[in-house]
Amino acid sequence: MSTQIDTTITIGKMEALALYRQMLMIRRCEEQLAKSYQAGMIPGACHTYVGEEAVATGICAHLTHRDAVFSTHRGHGHALAKGVTPRQLIAELYGRETGCSRGRGGSMHLFSPEVGMMGTSGIVGPCILQATGAGYSFKLLNTDQVGVAFFGDGAVNNGAFHEGINLATIWELPVIFVCENNMYATEIAFSYATRNTEVAERAASYKIPSVAVDGNDVLAVHAAAAEAVARARAGGGASFIECKTYRTRPHAEGMRDAGYRTADEIEAWKARDPLALLQSRLVGEGIANAGDFEPIDAEIKALVEDAAEFAKNSPFPDPTSVTNHIYSASQ
Amino acid sequence: MSTQIDTTITIGKMEALALYRQMLMIRRCEEQLAKSYQAGMIPGACHTYVGEEAVATGICAHLTHRDAVFSTHRGHGHALAKGVTPRQLIAELYGRETGCSRGRGGSMHLFSPEVGMMGTSGIVGPCILQATGAGYSFKLLNTDQVGVAFFGDGAVNNGAFHEGINLATIWELPVIFVCENNMYATEIAFSYATRNTEVAERAASYKIPSVAVDGNDVLAVHAAAAEAVARARAGGGASFIECKTYRTRPHAEGMRDAGYRTADEIEAWKARDPLALLQSRLVGEGIANAGDFEPIDAEIKALVEDAAEFAKNSPFPDPTSVTNHIYSASQ
Amino acid sequence: MRELTYIAAGREGLAEEMARDATIFVVGEGIGVRGGNFNTTQGLYELYGPLRLRDTPIVERGFVGMCCGAAMTGTRPIVDFMFVDFILDSIGEIFNQIAKIQYMSSGRLKMPIVLRGAIGIGGSAATHHSGSYFPMFVNIPGLRVVVPSNPYDVKGLLKTAIRSDDPVLFLEHKNLYNNKGQIPDEEYLIPFGAAAIAREGTQASVVAVGSMVRKTLEAADALAKQGISIEVIDPRTLAPLDIGTISESVHKTGRLLIVDETFAPCGIGAEIAAQVMVAGFDDLDAPIMRLNGLHTPTPYSPALEAAIVPTTQSITDAIQALLAE
Amino acid sequence: MRELTYIAAGREGLAEEMARDATIFVVGEGIGVRGGNFNTTQGLYELYGPLRLRDTPIVERGFVGMCCGAAMTGTRPIVDFMFVDFILDSIGEIFNQIAKIQYMSSGRLKMPIVLRGAIGIGGSAATHHSGSYFPMFVNIPGLRVVVPSNPYDVKGLLKTAIRSDDPVLFLEHKNLYNNKGQIPDEEYLIPFGAAAIAREGTQASVVAVGSMVRKTLEAADALAKQGISIEVIDPRTLAPLDIGTISESVHKTGRLLIVDETFAPCGIGAEIAAQVMVAGFDDLDAPIMRLNGLHTPTPYSPALEAAIVPTTQSITDAIQALLAE
Ligand SMILES: Cc1ncc(C[n+]2csc(CCOP(=O)(O)OP(=O)(O)O)c2C)c(N)n1
Ligand SMILES: Cc1ncc(C[n+]2csc(CCOP(=O)(O)OP(=O)(O)O)c2C)c(N)n1
Ligand SMILES: [Mg+2]
Ligand SMILES: [Mg+2]
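Protein chains in written order, with our numbering: chain R, 19 to 349; chain C, 19 to 349; chain A, 30 to 354; chain H, 30 to 354.
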């Protein structure tokens with residue numbers, strides 16, 4: 019297992035700004051959803067991705083719509099980075115027919131196969147196995163597609179982690195396992211849930227190529243993903259990437275955020291905000307200047323405002339359609 | 019993780035001969051059961067332990083009836099080493115009321131709580147979790163008892179391994195996990211089922227004290243178990259012991275034993291027969307002489323013959339009792 | 030008498046039992062310091078500490094299998110799943126181990142374990158947080174299945190469940206959590222297998238399960254205004270099932286409807302119908318009817334979610350239809 | 030026409046489909062070189078190799094979840110559990126994922142997966158190798174459940190299952206494996222939801238499931254000698270369930286018995302009884318009866334095992350009792 023990731027900036031300005039734009043889109047959508055939640059526009063749960071934007075962004079930058087992503091209850095960021103639009107995401111959380119899941123899913127069940135968003139799951143664990151299965155399909159069909167699983171530290175001790183990673187490893191499937199280690203599962207500290215908190219080290223015990231990166235540094239995530247995705251497409255099999263990150267909002271909107279972590283800890287991580295980190299890095303190294311970001315900020319602001327408006331004006335699903343698609347047409 | 023086990027003989031002659039006697043009892047019972055199977059006396063499955071006797075013997079030598087053992091489909095040896103009598107074992111496989119499970123269980127469901135044999139399971143995996151639960155009870159009740167799980171290499175890739183070992187480790191439960199790595203799960207080679215065949219190494223990734231020993235050397239197993247059991251009784255938490263061993267008979271009686279392993283491999287392991295190894299070691303180091311073994315051989319021969327006779331003459335269960343004990347009396 | 034919510038009444042029953050018996054412990058995610066996602070264990074960690082209120086990693090199979098071993102070795106585990114949907118990763122441990130070990134050991138081992146969780150559809154919880162699943166637990170021998178419909182019952186039945194040496198599925202509908210009810214000051218337990226007549230009536234019998242009891246009582250009130258007299262029966266436990274009380278009611282009314290939020294096929298309504306038909310074939314003036322939630326995964330959108338569960342109105346209509354038969 | 034065993038007929042259906050569609054693959058323990066514990070895949074590894082006949086570690090949850098992802102991404106997995114008892118560790122993947130994903134994706138994803146395994150009591154396999162479990166799969170929306178009773182059906186239904194875009198539980202009773210039957214030389218498929226009249230009769234209808242069909246036909250033969258005419262119906266698939274064929278038969282005979290080896294509570298017999306009562310209440314001259322295996326874990330000893338399953342004699346007696354009602 020190597021934790022050495024070369025983070026000299028190897029990508030061009032346009033690509034770097036695209037990463038910034040993608041992270042900002044996620045951030046602003048989440049902020050909008052938090053507001054919408056408080057306004058009572060979201061009937062169910064809402065798990066935001068604020069603080070973790072660099073992970074989905076850095077990984078998905080290497081994926082096309084033909085690649086298959088499987089995610090978790092905290093999947094808004096993955097969906098957006100994979101190509102679900104803010105309109106489709108916000109409308110889904112509003113429970114509208116125009117949502118990516120036609121209002122059937124909400125925050126925890128985001129489906130958009132058109133762009134390779136194969137679904138988020140309200141159950142912890144299955145995404146690891148399903149991404150392995152996508153890898154199995156792609157290997158059998160002999161394509162260069164990859165399957166990607168995003169999951170939290172909470173899934174690491176679950177049997178799905180153990181069984182899925184081992185299968186993808188022994189069969190050399192084109193799969194990328196991305197663990198978003200944000201140190202907590204709801205209010206349970208990862209350091210309580212296991213005696214070995216080095217997830218990449220645990221993955222390495224299956225003899226899968228495994229690396230740990232700063233999950234708030236989009237360039238580090240991007241570089242690690244470049245290696246893993248290239249390996250998978252070239253038939254080199256599965257890879258594991260642990261992204262050490264942090265959620266700066268409560269586990270879910272409306273939940274308390276005290277009693278299990280300190281304000282200092284939260285502040286320390288806020289100081290490492292992935293958007294600010296990238297911005298200062300790009301400016302610092304003279305790759306971009308403040309002026310480069312303003313149009314992006316304006317564009318995203320408009321995009322998200324439009325999305326919220328679109329969602330609010332979208333129709334609810336027709337109750338008479340409630341039993342559609344339980345079974346395929348083939349029977 | 020340490021694989022260094024000091025195997026200078028630290029135990030006395032009587033103790034050493036007791037280990038020999040226990041291994042021989044298992045061996046002769048299994049040989050009897052194999053014969054009985056061919057004679058059609060065993061209506062169901064029969065998984066023998068021939069070649070692996072040193073594991074159950076070396077571990078259980080440190081246990082009392084108050085300690086709790088949980089085992090697998092290949093559990094005859096564990097049951098005998100824990101105190102189930104040859105009569106109770108053979109009668110059970112014959113499906114008789116006098117069997118340890120009253121004829122309800124057969125080869126894969128051996129229950130004798132009186133001696134701390136808490137059950138074998140026809141399902142791979144659960145014994146790991148149940149031993150963890152016994153450890154939880156003993157910790158909560160504040161006793162010095164230990165829970166022990168015996169399982170094969172086939173269970174290592176299963177989620178139960180991952181979840182159970184982690185729980186026992188983080189909660190420092192008095193549990194000993196004993197993996198009988200005999201290199202195959204039915205006809206599936208362990209080297210196919212995982213890229214990391216060093217089970218003790220994988221266990222160590224949970225930060226549980228873990229050791230790999232020669233499972234055909236009863237003294238090595240005995241020494242490793244001494245350390246682990248002492249640690250557990252002293253409140254030091256769980257331990258993991260990988261015993262590298264081999265079954266010299268087919269997966270189950272009546273099954274083919276070709277097409278997945280070579281005759282040479284089987285012969286090589288037969289040459290390392292745990293009984294012969296111990297005998298030559300004891301004689302070689304002048305601790306015992308041939309004369310010491312003869313009375314044991316004679317006693318065990320008689321014991322097992324009597325057991326088979328007893329089983330044959332035992333009554334079948336009364337069909338009218340078939341629905342007893344589905345629920346406790348308390349309701 | 031004090032007024033307590035459904036959750037508080039259950040918590041009081043749990044607290045009383047934990048005070049009475051030091052071998053009882055609870056496992057689950059967030060049931061320690063946090064006091065439970067649904068406040069099921071609030072205040073107990075402070076009293077009994079981490080060994081008896083054990084927060085767990087997200088390993089449902091692992092801690093259920095662990096609790097099986099614990100129940101075999103002298104302690105009395107309670108698994109708090111939060112949402113019962115999470116139980117599905119542990120079905121192997123429940124069906125093949127927990128349900129069978131008393132039998133396989135000829136009663137030499139007991140299995141005092143309670144498996145509790147929130148069931149039911151509501152609040153746009155969506156398809157991974159809305160399940161009930163009790164028919165499969167009724168199908169398998171060796172398990173007890175409890176579905177309390179009110180605060181009084183949840184306390185009395187939980188205490189019985191905790192004292193039972195059999196494994197008990199204790200399934201609490203999340204929509205009932207904030208309902209209030211009168212709780213006696215003195216201790217009480219409610220036996221398994223004893224249905225409650227929630228309302229007496231003469232023209233039709235309606236068996237309502239869990240969250241459907243209240244809605245059915247509302248329907249009965251509405252019908253009473255039209256001079257129609259409905260008997261409402263709450264089975265309280267589905268295994269054991271008090272078919273005697275149900276059959277007696279049908280003997281009186283000649284008509285039976287079973288109202289159940291969960292799926293109809295091979296559900297509890299089918300079982301009750303099949304048993305009552307045999308027990309009281311000549312009593313029946315009409316076919317036994319079932320009103321169930323729609324046979325579909327649970328959608329998120331409120332507009333859709335509302336369309337799949339029986340309502341006071343649809344229950345009223347179903348009773349009218351039964352009377353018209 | 031050729032005579033084939035149940036196992037050989039199923040294998041022939043599988044082989045034909047694998048030859049027709051290169052996206053089909055099989056996973057399981059020992060289904061590769063070994064050809065399957067029950068010879069379900071014998072000879073296929075030599076033809077299609079390890080990618081399409083994939084031996085697995087003992088990770089039922091893992092490979093079921095994996096096959097869910099595979100079915101979502103363009104291939105058609107078949108999981109061969111050997112004994113279906115091993116499916117229980119994967120129930121979470123089946124109920125929460127496989128059964129729901131077509132619905133949650135509004136049909137944009139299909140779920141072409143077959144979950145097959147040996148069910149049933151026999152040969153002192155004991156309690157971890159004797160389960161059937163189909164009622165719970167019938168209860169859950171999104172699944173198809175198939176229980177073939179003879180070689181002709183197993184081939185035709187397996188081909189339909191493999192071509193289905195819905196997840197299918199394909200449950201084969203191990204006691205049927207060596208039964209022989211005539212198999213046409215030309216290709217054929219059998220649609221889901223079409224029951225078979227295994228024997229025509231006039232005095233009572235008997236629905237028999239899986240391994241009970243043959244025993245029930247024997248009972249019907251015995252009764253025919255006494256001049257009693259019994260109609261025997263094999264539902265073949267339990268989801269979808271062909272209630273129409275059953276109701277028509279009851280319309281003719283006025284009496285119905287359901288014979289099922291598996292547990293009665295919330296079982297398929299209860300569901301059939303509840304539906305037929307509504308569909309044909311006025312047709313019924315007697316209560317619908319059920320004959321099930323005893324509600325107990327499966328004991329090992331032959332003396333005990335034989336006591337818990339319906340026999341030709343107990344079926345005959347049950348029919349006599351029904352006629353006497
Ligand atoms: C099998 C299962 N058990 C419990 C839950 C309840 N639950 C929802 S999210 C969560 C914590 C997940 O933590 P983690 O995987 O680290 O993701 P994070 O929320 O930190 O992003 C839990 C326990 C669940 N969804 N699934
Ligand atoms: C969950 C489960 N899946 C499959 C089986 C079928 N099975 C019985 S024994 C066995 C192999 C077990 O191998 P291992 O654990 O190495 O034990 P060994 O037989 O080598 O002692 C298998 C696959 C089972 N019993 N349980
Ligand atoms: Mg986390
Ligand atoms: Mg092995």
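The beta carbon of each residue, even a glycine, is placed where N, CA and C say it ideally should be.
- Look at the region 148-163 of chain R: it has no residue with a C-beta under 8 Å from a C-beta of chain C.
- Here Q163 of chain R carries a coil assignment [DSSP, helix/strand/coil].
- Not one heavy atom of ligand 4 sits closer than 6 Å to the Cβ of G182 of chain R.
- Around the beta-carbon of M41 of chain R, 16 or more other beta-carbon atoms lie within 10 Å, marking it buried.
- Ordered along the chain, residues surrounding ligand 4 are C:G170, C:D171, C:G172, C:N200, C:Y202 and C:A203 [Cβ under 6 Å from any heavy atom].
- A residue is called buried when at least 16 other Cβ atoms come within 10 angstroms of its Cβ; N66 of chain A meets this threshold and is buried.
- With 16 or more other Cβ atoms inside 10 Å of its own Cβ, H96 of chain R counts as buried.
- About 6 Å separates the CB atoms of M165 of chain A and N168 of chain H; that is less than 8 Å, so the two are in contact.
- In this structure, ligand 1 has a non-hydrogen atom nearer than 6 Å to the beta-carbon of V142 of chain R.
- In this structure, DSSP gives I259 of chain R an extended state, which the three-state scheme calls strand.
- E198 of chain C carries a strand assignment under DSSP once its states are collapsed to helix, strand and coil.
- Listed in chain order, the non-local C-beta contacts of P264 of chain H below 7 Å within the same chain comprise A224, V236, V238, L270 and D271, local neighbours out to five positions each way being set aside.
- Taking a C-beta cut-off of 8 Å against chain H, none of the residues of the region 87-98 of chain C qualify.
- Under the rule that a run must span 4 or more residues, the alpha helix (DSSP H) segments found entirely inside the region 29-113 of chain C read 31-56, 71-78, 94-100 and 104-111.
- For F112 of chain H, the enclosing beta strand (DSSP E) has its first and last residue at R105 to F112.
- C145 of chain R sits close to F169 of chain R, with the two beta carbons spaced by under 7 Å.
- Here P335 of chain R is not near S343 of chain A, since their CB atoms are 7 Å or more apart.
- Neighbourhood of F169 of chain C in chain A, by CB distance below 9 Å: empty, with the nearest CB roughly 12 Å away.
- Beta-bridge partners assigned by DSSP to M135 of chain R: R:V87 and R:S130.
- G57 of chain A is classed as buried because its beta carbon has at least 16 other beta carbons within 10 Å across all chains shown.
- Spanning the alpha carbons of I301 of chain H and G153 of chain R requires a straight line of approximately 42 Å.
- If you check the C-beta of I127 of chain H against ligand 1, you find no heavy atom less than 6 Å away.
- Within chain R, the residues whose beta carbon sits less than 9 Å from that of N125 of chain H are S139, G140, I141 and P144, listed in sequence order.
- Here K262 of chain R is buried: its Cβ has 16 or more other Cβ atoms, across all protein chains shown, within 10 Å.
- In the structure shown, K188 of chain A falls within a helical segment according to DSSP collapsed to helix, strand and coil.
- For V93 of chain H, the secondary structure class from DSSP, reduced to helix, strand or coil, is helix.
- Rounded to the nearest angstrom, the gap between the Cα atoms of T69 of chain H and Y35 of chain H is 10 Å.
- The C-beta of D232 of chain C has 16 or more other C-beta atoms within 10 Å across all chains shown, which makes the residue buried.
- Chain A has a Cβ within less than 7 Å of the Cβ of Y345 of chain C.
- In the three-state reduction of the DSSP assignment, K209 of chain H falls in the strand class, which pools E and B.
- Against chain A, the beta carbon of M126 of chain C has no neighbour under 8 Å; the closest one sits roughly 10 Å away.
- By the Cβ neighbour-count rule, L76 of chain H is exposed, with fewer than 16 other Cβ atoms within 10 Å of its own.
- In the three-state scheme derived from DSSP, where H, G and I count as helix and E and B as strand, D84 of chain A is classed as strand.
- Bounds of the alpha helix (DSSP H) holding T150 of chain C are P144 to L158.
- Judged by pairs of C-beta atoms under 8 Å, the region 101-115 of chain A touches the region 45-62 of chain A, as three or more such pairs exist.
- Inclusion of T325 of chain H and P196 of chain A in the CB contact set at 7 Å is not warranted, their separation being larger than that value.
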